[in-house]
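Asker:
Rendered as C-alpha cells:
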C-alpha cells in the first residue's frame, strides 16, 4: 500500500502544539494488576472513536464496580452499559466488542492475559493482536505502541477526518495508509508522544462531516436491545392496526353485498308477484268474453 503524500509541516505543528507535558501513565485496574497490558487493551477499546477524558472516566467506573478481567468478561452488555452510561459514544457496539475480545483471549490462554506479548517477536505480537475478532486496528496498535513500544501509529476514523480537515493528509487517504505514513515520518522514540498529541488534537477539534471517497464518518451507534424491542412493539402495533382496518373494510364490503343480495331478492319477489297478478287479470278478462 502506497503511503499518502501528507503535509509534514502541518503534522509537526499539530504534534508540537498538543504534545502532553508528560506521557500519561498506564491505566491501572487495581494495585495487583499494575502494568498489566490487559488494562491498556481495555482502555484502548474505550478510547477508540472517543475523547480520552471520556475513556478515563469509563475505565475508572468499571474498575470500581467490577473485581477483575473475568468479572468484566462475563458481564452482559446491559450490565456494563449501566456502569459507563448509555450515552457513551457507540456504547452498545463498544461494550459488546469488549466482551467478545476478552472472551477470545480467555479461550486462547484459559485466562485473560496479554503479558506474553512482551516476550513475543514484534511480528508475532502484531499478528496476534490483529487476529483478535472484530478488534479495530486502533485498539491493537495502541496496545502494542503504548505497552510494548512497537513502531505503529493508532488511527481511527475520528482522527482521520480531523487530519483531513486540517489539510494534513489527502481527503482520499485511508486510515491504514495515514497510520503507515505517520509511523514512518516520525522518529520511533517520538511515536508514543505523537499518539497522545494527535488524540488531544482530535478531542480539541469539533466534529464535522467531510467529503471524499477515502473519508469515513464516525461509525453509527449500534441499537441497544431496549430500542430494538421498542421498534418491534411499534411494528407489531402498526401491523395489528392494519389487520383491524382490513377486517372492518371486509365486514363493510360483506354488509354491502348482503344488502345488494336482499334488494335483488326483494325485486325478484316483487316482479314474480306482479307477473302472477297480470296472469290472474288476463284470466278474468277471458271469462267476461265467453259470458256476455
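Numbering (this note's numbering), first residue to last: 661 to 952.
C-beta atoms are modelled at their ideal positions from N, C-alpha and C, and glycine is treated no differently.
Being a predicted model, the structure only gives us computed values, none of them experimental.
Straight-line CA distance for residue 759 to residue 741?
Answerer: 12 Å
Asker: Can you tell me whether residue 775 sits near the ligand SAH, meaning its C-beta is under 7 Å from at least one heavy atom of the ligand?
Answerer: No copy of the ligand SAH appears in this structure; indeed no ligand is present at all.
Asker: In the DSSP assignment, find the unbroken alpha helix (DSSP H) run with residue 703 in it and report its ends.
Answerer: 697 to 707
Asker: Am I right that residue 757 and residue 794 are in contact with their C-beta atoms under 8 Å? What's the rounded C-beta distance?
Answerer: 6 Å
Asker: Whose CA, out of 728, 752, 792, lies closest to the CA of residue 694?
Answerer: 728
Asker: Assuming residue 666 and residue 829 make a contact with CB atoms under 8 Å, what is their CB distance in whole Å?
Answerer: 5 Å
Asker: For residue 766, which three-state DSSP category applies?
Answerer: If DSSP states are grouped into helix, strand and coil, residue 766 belongs with the helices.
Asker: Buried or exposed: which applies to residue 791, given that a residue is buried once 16 or more other Cβ atoms fall within 10 Å of its Cβ?
Answerer: exposed
Asker: Tell me whether residue 840 sits in a helix, a strand or coil according to DSSP, three-state version.
Answerer: helix
Asker: Is residue 741 helix, strand or coil by DSSP?
Answerer: helix
Asker: Hey, residue 680 and residue 860 are a contact pair by Cβ (cut 8 Å); roughly how many whole angstroms apart?
Answerer: 7 Å
Asker: Just to confirm, are residue 808 and residue 785 a CB contact at a threshold of 8 Å?
Answerer: Yes, the Cβ-Cβ distance between residue 808 and residue 785 is below 8 Å.
Asker: Looking only at its chain, what residues have a beta carbon closer than 7 Å to the beta carbon of residue 687, apart from the 5 residues adjacent to it on each side?
Answerer: The residues are 699, 700, 703, 719.
Asker: Thinking C-beta only, is residue 723 closer than 8 Å to residue 690?
Answerer: yes
Asker: Going along the chain, which residues of its own chain have a beta-carbon closer than 7 Å to the beta-carbon of residue 737, five neighbours each way excluded?
Answerer: 752, 755, 756, 759
Asker: Output the distance between the C-alpha atoms of residue 772 and residue 782, rounded to the nearest integer angstrom.
Answerer: Taking the CA atoms as reference points, residue 772 sits about 20 Å from residue 782.
Asker: What does a CB cutoff of less than 6 Å around residue 876 pick up in its chain, not counting 5 residues either side in sequence?
Answerer: Since pLDDT at residue 876 reaches only 38, below the 50 mark, its modelled position is unreliable, and no value is offered.
Asker: Are there 16 or more other CB atoms within 10 angstroms of the CB of residue 734, so buried, or fewer, so exposed?
Answerer: exposed
Asker: Drop a sphere of 10 angstroms on the beta-carbon of residue 705, count the other beta-carbons inside from all chains shown, and report buried for 16 or more, exposed for fewer.
Answerer: buried
Asker: Give the single residue among 823, 806, 850, 697 whose Cα lies nearest to the Cα of residue 670.
Answerer: Nearest neighbour of residue 670 by Cα position, chosen from 823, 806, 850, 697, turns out to be 823.
Asker: Which class does residue 673 belong to by DSSP, given the choice of helix, strand or coil?
Answerer: helix
Asker: So, with DSSP's three-state summary, where would you put residue 690?
Answerer: coil
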